[in-house]
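With positions in the sequence shown counted from 1, the corresponding number in the working numbering is that position plus 15.
We treat Cβ as the ideally placed atom computed from N, Cα and C, and that holds for glycine.
Computed from a predicted model, the values in this text were never measured in an experiment.
Structure, as structure tokens:
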Amino acid sequence: MRILIAEDDPVSRRLLEATLVRWDYEVVVACDGPSALEILQRDDAPSLGLLDLIMPGMNGDEICRKVRERFEGKYVYLLLLTANSHKADLIHSLNAGADDYLVKPVDPMELKARLNTGRRILELQEQLIAARDAMRRQAMRDSLTGAWNHAAILDILRSELHRGQREGGSLSVVLADLDHFKDVNDTFGHLAGDEALCEAYRRMANAMRPYDMIGRYGGEEFLIVLPGCDEVGALHFCERLRGQIGDTPIAYKGEEITVTVSVGAVVHEHGEAADCQALLQAADQALYRAKRSGRNRMEIASEIVSV
16 MRILIAEDDP VSRRLLEATL VRWDYEVVVA CDGPSALEIL QRDDAPSLGL
66 LDLIMPGMNG DEICRKVRER FEGKYVYLLL LTANSHKADL IHSLNAGADD
116 YLVKPVDPME LKARLNTGRR ILELQEQLIA ARDAMRRQAM RDSLTGAWNH
166 AAILDILRSE LHRGQREGGS LSVVLADLDH FKDVNDTFGH LAGDEALCEA
216 YRRMANAMRP YDMIGRYGGE EFLIVLPGCD EVGALHFCER LRGQIGDTPI
266 AYKGEEITVT VSVGAVVHEH GEAADCQALL QAADQALYRA KRSGRNRMEI
316 ASEIVSV
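Given below as structure tokens:
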């Protein structure tokens, strides 16, 4: 683990550095307050900081205050070193943002114990952040297929539409609906239907570029957002999608399940007036035409009507 030693006295700094290196810390050093603050405000700042309370340019408690004011994401555990054991001064330092303090001269075993406490707190924070991020991802994912869920894919569509309006370029929106999917459930059972739905999602994802996005829009319908994709690109994508789904039956427990897909798409060019609802309505109407024309085909919307 990386640790900062901010100490203006060279003898004390070298002793601390030698001790921490012996304990397998990766040590970064600073000789004054401003240098210490600059290191702690980097994106790759050390996770732990040992700060002398009194330093040239900026004292340790002021560094703590500035670091906490600027707090973004990664937490740095800050331990102050002070020759002053007055309770009021120590309380002031803790209120400024220090996590702990040690009174000089520093006892090595006490330093080790307090650093271990800091490491436990940082590790717990990492676990909490990982759990929070996992919950966020779970809240944005469809529980069956793993695709973005309805709300998440709509948020993605809005973001891409706004980005396209700022930066220019094309945006294609695709609605893909598995044909006669109720028949799959009725014939093979709902477990087979679930597996077929998941496999269809995987095949659609394989047809996409790395920066395209797909979400389960509802039931057996998927919404696909294709940034920077013009009408020619949308046509090629939709045909590739149809082939990915329909060319090879889905295997399930010795059975072969044939699934096809109908696709409706709309292309938004920079400068056109449109909102998400208008794009979705146009794609839905194109999908309806594909269904009405016999299914297992694709249609491109001819116009976008703002609603």
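Below 7 Å CB to CB, which residues in the same chain sit around residue i once its five sequence neighbours on both sides are set aside?
i      : result
GLU246 : VAL282 and ILE315
ILE272 : VAL199, PHE203, ALA207, ALA211, PRO264 and ILE265
LEU334 : No statement about residue 334 is possible, as the shown extent of the chain runs from 16 to 322 and does not include it.
ALA220 : ILE229
LEU126 : LEU117
ASP23  : CYS46, ASP47, ASP67, MET70 and PRO71
VAL121 : LEU96
Give the secondary structure of residue i by DSSP, where H, G and I count as helix, E and B as strand, and everything else as coil.
i      : result
GLU32  : helix
ALA289 : coil
THR202 : helix
TYR92  : strand
LEU66  : strand
ALA146 : helix
ALA60  : coil
ALA111 : helix
ASP299 : helix
PRO25  : helix
GLY309 : coil
SER174 : helix
GLY179 : helix
VAL322 : Per-residue confidence for VAL322 stands at a pLDDT of 43, beneath the threshold of 50, marking its modelled position as unreliable; no derived number is given.
GLY208 : helix
GLU125 : helix
GLY184 : coil
GLY133 : helix
GLU138 : helix
GLU214 : helix
Between which two residues does the alpha helix (DSSP H) containing residue i stretch?
i      : result
GLU246 : 246 to 261
VAL82  : 75 to 84
ILE17  : The sequence given here has Arg at residue 17, not Ile. Run containing ARG17: none in the alpha helix (DSSP H); it sits in the beta strand (DSSP E), 17 to 21.
GLU53  : 48 to 55
Quickly, what does DSSP pair residue i with across the bridge? List them, please.
i      : result
GLU236 : ASP192 and GLY233
MET228 : VAL240
GLY279 : LEU190 and GLU314
ILE341 : In the structure as shown, the chain begins at 16 and stops at 322. Residue 341 is therefore absent and cannot be evaluated.
THR97  : VAL118
TRP163 : ARG156 and GLY230
Let's see if you can read the secondary structure: which residues bound the beta strand (DSSP E) around residue i?
i      : result
VAL42  : 41 to 45
ASP115 : 115 to 118
ALA222 : It is not in any beta strand (DSSP E) - ALA222 carries neither H nor E in the DSSP assignment.
Please list, in chain order, all residues of the same chain as residue i whose beta carbon is under 8 Å from its beta carbon, the five residues on each side excluded.
i      : result
SER100 : VAL118
VAL43  : ARG17, ILE18, LEU19, ILE20, ILE54 and PRO61
CYS291 : LEU169, LEU172, ARG173 and LEU176
GLY48  : ALA21, MET70, PRO71, GLY72, MET73, ASN74, GLY75, GLU77 and ILE78
What does a CB cutoff of less than 6 Å around residue i pick up in its chain, not counting 5 residues either side in sequence?
i      : result
THR275 : ASP194, GLY261 and ASN311
LEU241 : SER187 and ASP227
TYR267 : ALA207 and GLU210
ASP58  : none
ALA162 : TYR216, ILE229, GLY230 and ARG231
ARG181 : none
Taking one C-beta from the segment 296 to 303 and one from the segment 183 to 202 each time, how about it: are there three or more such pairs within less than 8 Å?
-> yes
Sufficient close CB pairs (3 or more, under 8 Å) joining the segment 129 to 144 to the segment 59 to 76 = yes
Given 8 Å as the limit, is there contact between the segment 67 to 80 and the segment 108 to 122, that is, 3 or more CB pairs closer than that?
-> yes
Touch test, the segment 149 to 167 against the segment 253 to 261, Cβ-Cβ under 8 Å, three pairs minimum | no
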